[in-house]
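Listed below in C-alpha cells is the structure:
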C-alpha cells in the first residue's frame, strides 16, 4: 500500500507521521507540496497532475492544508473520491468547516447539540438578537467565510457601547451564549477518540492554558465522532463543553495533543489508514 502526505508546508512536513506510516508497513510514503498539485479537466475526465508522478499509484492521501485552500481542495477531494483514493476528509468538508455559521446549522440539522446561536447579516438586528440571551454573550463577525472578530460582551451597557461603535462591513454576525466549564479537545481518529482538557477557572472566569489528559464519557465520545462525520471528517478536532459542540476542525495538532496525552497520535493515524486500506 502506498500513501502520500499533501501539505501546504514546503519541505518534509509531518515527519513523525511519515515515520509512523513506514513503521506500520506502508511500502511507499510520499510527500507533496500542495502548490505542485493541479487538476486538468478535459472532456468528461479530470486528471490529478503532479509533475511526472503517477498519482494513481497512491491508495490513500493524508491532507494537511489550511482552509485558505478551500476553493482548490474541494474539487480535489471530489476527484479523490471519484478515483477511489482514500482521504481522511470528504468532499464538502472544507466548505462546511471553513464557514462557521454554516457549520453550526449543519450540526444542528443532525441533532448535535451546539451553543444557542443567532445569525444575522445586518448589525441593525443585533439588539433584537441579544434579547434572546443572558449575558455574557459571544459576538463573532465574518467577512466572507473568515472570522474577522470575536469578543465577549459582559452586560447590556457593554453591548450598547459595542453596538454604537460597530462600523465594520461584515457579511455575517453570530451571537452565541457564552458557555462556562471545562473545555475538552476531542481528537477523532476513525472510531477512536482521545481527549485533553483545559480546566475552567471560576475565579478568573477563563480556561487554564495547560492541557491535561481526560477520560471521555461514552456520550462525549459518541458526540465527537458524530460531529466529525457530519462535517465529512474521519480525523478531526472537536471542541466540547459538556455535551455541547463548540467547533469542529479538520486540523489536529498531533504533537501538542499527543504530548499532553503521553501518546503518539501519529501511530493512531497510521493504524487507521491501514485498517481502511487493507
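In UniProt numbering, the protein residues as written are 1 to 278. Backbone N, C-alpha and C define an ideal beta-carbon position, used for all residues, glycine too. A quick note: this is a predicted structure, and the numbers were derived from the prediction, not measured.
Nearest-angstrom beta carbon gap, residue 24 and residue 274 [assumed within contact, 8 Å]: 5 Å
Bridge partner(s) assigned by DSSP for residue 139: 151 and 175
Other residues of its chain near residue 266: CB distance less than 6 Å, five sequence neighbours each side excluded: 16, 17, 20 and 254
Under 8 Å between C-beta atoms of residue 306 and residue 34: Nothing about residue 306 can be read from this structure; the chain reaches only from 1 to 278.
Burial state of residue 84 (16 or more Cβ within 10 Å): exposed
Where residue 52 sits in the DSSP three-state scheme: coil
Exposed unless 16 or more other CB atoms sit within 10 angstroms - verdict on residue 232: buried
8 Å Cβ cutoff met for residue 153 and residue 159: yes
Residue 117 burial status per 10 Å Cβ neighbour count (16 or more: buried): buried
Residue span of the alpha helix (DSSP H) that contains residue 110, given as start and end: Premise fails: residue 110 is in no alpha helix (DSSP H) and is neither H nor E.
Residue 200 to residue 214 span [Cα, whole Å]: 14 Å
When 170, 155, 135 and 131 are compared against residue 149, the one with the closest alpha-carbon: 170
Residue from 212, 107 and 48 with nearest C-alpha to residue 249: 107
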